[in-house]
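Structure record follows, encoded as structure tokens.
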Amino acid sequence: MGQRERFVIFLVGALLGVVLLLGGKSCGSEKKNQLRAVRSSLSMAPMMYDFAVMQKGFYGKYVLFEQVAEKQGGAKVRTLVTGGTRRYSPEGKELPEEHILIKESYAPGVALAEAGPVSSYEFTYADRIAIKLQPGHQASEVTLQSGDVAAAWAGHEESLVRLDAWRKLPGGAPWGKLEALVRELNGHPAVAEARLVRIDWQAEAELIRANSPK
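The numbers in the sequence shown follow our numbering, run straight up by one, and end at 390.
Encoded structure:
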């Protein structure tokens, strides 16, 4: 084999190596971007999905409010509010804190404890209320005593009341009155329906599982 043939083989091999290297880097970058997109799409801190999947209760995990109600038959529902995941603007500025309302259902005879087991969960945002308006009414007509006003909700037909001022009321956010506030809004002349915004934790937990290292 002559010098020219050796050089051509070397050059082809080098080019193949570069292509494979760039391809590997590209795949790694795509995977990183995918994982970053998954993280940013999650509604809650990863710890919350872990607890829910393991049927554990949220105790001592930044609990801001807690109450327990007993249903007919002995089942208990524990309602609590906790802080949400931290969010940042594209410029790196920290966005206002989010809050999550959790309802844990315990079967009759099961002690309310971190070990559970919790029979079912319901996660909603505690810092916003979705509003379906009556025909002919505007979102700006829905104003809370705290000063918070309903506004358009990007990508949704409903409007949204963000409880920014409500959470800063003197003495702190009255979390125990949150669900009563939703009921009050359901009686507003401009409102057809008011509801807390649900978090589909099971779908998000499945998204985490599907994108976790095998």
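Glycine included, each C-beta is placed from N, C-alpha and C at the ideal position.
The model shown is predicted, which means the values in this text are computed figures rather than measured ones.
- Which residues in the same chain have their Cβ closer than 7 angstroms to the Cβ of His364, if we skip the five residues on either side of it in sequence? Correct list, in chain order: Val318.
- Item | 8 angstroms contact criterion, which Val239 and Arg254 should meet: CB distance rounded | Not really, about 10 angstroms apart at Cβ, beyond 8 angstroms.
- Item | CB contact check: Gly260 to chain B, cutoff 8 angstroms | In the structure shown, chain B cannot be found, because there is only a single protein chain.
- Query: Which same chain residues, not among the five before or five after Val229, have their C-beta less than 7 angstroms away from its C-beta?
  - Reply: If you ignore the 5 residues before and after Val229, its C-beta comes within less than 7 angstroms of the C-beta of Ala381, all in its own chain and listed in chain order.
- Would the beta-carbon of Met220 fall within 8 angstroms of that of Ile375? yes
- Query: Measuring CB to CB, does Glu298 end up less than 8 angstroms from Lys279?
  - Reply: yes
- Please classify Pro365: does DSSP put it in a helix, a strand, or coil? The answer is coil: DSSP assigns Pro365 none of H, G, I, E or B.
- Query: Whole beta strand (DSSP E) runs in the segment 256 to 335 with 3 or more residues, listed along the chain?
  - Reply: 275 to 282 and 296 to 309
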